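Peer 1:
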Amino acid sequence: MDILDVIRSRSTAKSFTGGAVDSQAIDRILEAGRLAPSAKNRQAWRFIAVQREELKKILSEACYGDQRLIDAGYVIAVCTTNIQYTMPNGQLSYPIDMAFAASFMMLQAEHEGLGSSLLATYDERSVKDLLTVPHAMRVVMLLAVGNSSEKQEYKDRLPKERVISYDHW
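In my numbering, the protein residues as written are 36 to 204.
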């Protein structure tokens, strides 16, 4: 499948069936995150793939009862090992780096025929304690991956003439 086809077909999974996810597929999804670009090639990420049902239930509680975490085959905690590195313009690099990694994993999940849903609303301290993430590290986002209950309809995008220009605004 062409990469643009994968991008066009990807949508956020609103719910999961609860079925198992092939471990080789999740390995390829994690590999896609590992291969993502990062500022100065620092690769300041760690991915924790949660598959145990009891852990997913507790994670769901830390995400204010989000059922997707229970029903997903895996929940991937996208963590950073360097919250201090700033780029020359003063901007922190980790939010961008982790977004690249998560995007690559979401696209690979789509390629595998799986749904994904990015979650950024959770009690970080509870998630860190549950997954034994060191205090100095951050859990930047959670990515639920599994068999989507239904394929979401394609959401319209703004026309390219409204968002793309060359050489000037």
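In this text, a Cβ means the ideal position worked out from N, Cα and C, and glycines have one as well. Quantities reported herein were computed from a predicted structural model and do not represent experimental measurements.
In chain order, what are the residue ranges of uninterrupted beta strand (DSSP E) at least 3 long that sit wholly in the stretch 138-190?
Peer 2: Entirely contained in the stretch 138-190, the beta strand (DSSP E) runs reaching 3 residues are, in chain order, 150-154, 173-181.
Peer 1: Starting from V41, follow the alpha helix (DSSP H) in both directions and report where the run begins and ends.
Peer 2: Element bounds for V41: 38-44.
Peer 1: Hey, A144 and M176: beta-carbon distance below 7 Å or not?
Peer 2: Taking 7 Å as the Cβ cut-off, A144 and M176 do not qualify as a contacting pair.
Peer 1: Starting from the C-beta of A179, find all residues in its chain whose C-beta is less than 6 Å away, skip the five residues before and the five after it, and write them out in chain order.
Peer 2: For A179, where only same-chain residues beyond five positions count, the Cβ hits under 6 Å are R103, L104, A107, V110, S152.
Peer 1: To the nearest angstrom, how far is it from the Cα of F51 to the Cα of H170?
Peer 2: If you take the alpha carbons of F51 and H170, they lie about 31 Å apart.
Peer 1: If distances are taken between C-alpha atoms only, which option among Q86, L90, H146 comes closest to D37?
Peer 2: Residue H146 is the option with its Cα nearest to D37.
Peer 1: To the nearest angstrom, how far is it from the Cα of G53 to the Cα of L142?
Peer 2: Their Cα atoms are separated by approximately 20 Å.
Peer 1: Tell me T116's beta-bridge partners as DSSP assigns them.
Peer 2: Answer by DSSP bridge pairing: none, since T116 is not bridged.
Peer 1: Whole-angstrom Cβ separation of Q164 and W80, contact assumed at under 8 Å?
Peer 2: Rather than Gln, the amino acid found at residue 164 in this sequence is Asp. Between W80 and D164 the Cβ distance is about 20 Å, and since that is not below 8 Å, they are no contact.
Peer 1: Considering Cα atoms alone, identify which of A71, D57, A97, A74 is closest to Q86.
Peer 2: The option with the nearest alpha carbon to Q86 is D57.
Peer 1: Report all residues from its chain with a CB closer than 7 Å to the CB of A71; omit the five preceding and five following residues, and keep chain order.
Peer 2: Answer for A71: F135, A136, F139, listed in chain order.
Peer 1: Quick one: Cα of Y157 to Cα of K195, how far?
Peer 2: Spanning the two alpha carbons is a distance of roughly 34 Å.
Peer 1: To the nearest angstrom, how far is it from the Cα of L240 to the Cα of A74?
Peer 2: Coverage of the chain is limited to positions 36 through 204, which leaves residue 240 absent and any answer about it impossible.
Peer 1: For the stretch 50-124, which segments carrying the beta strand (DSSP E) assignment without a break, of at least 3 residues, lie completely within its bounds, in sequence order?
Peer 2: Segments of the beta strand (DSSP E) lying fully in the stretch 50-124: 80-85, 109-115.
Peer 1: In whole angstroms, give me the CA-to-CA distance for I83 and R192.
Peer 2: Spanning the two alpha carbons is a distance of roughly 32 Å.
Peer 1: In angstroms with no decimal places, state the Cα-to-Cα distance between I118 and N124.
Peer 2: Rounded to whole angstroms, I118 to N124 spans 16 Å at the Cα level.
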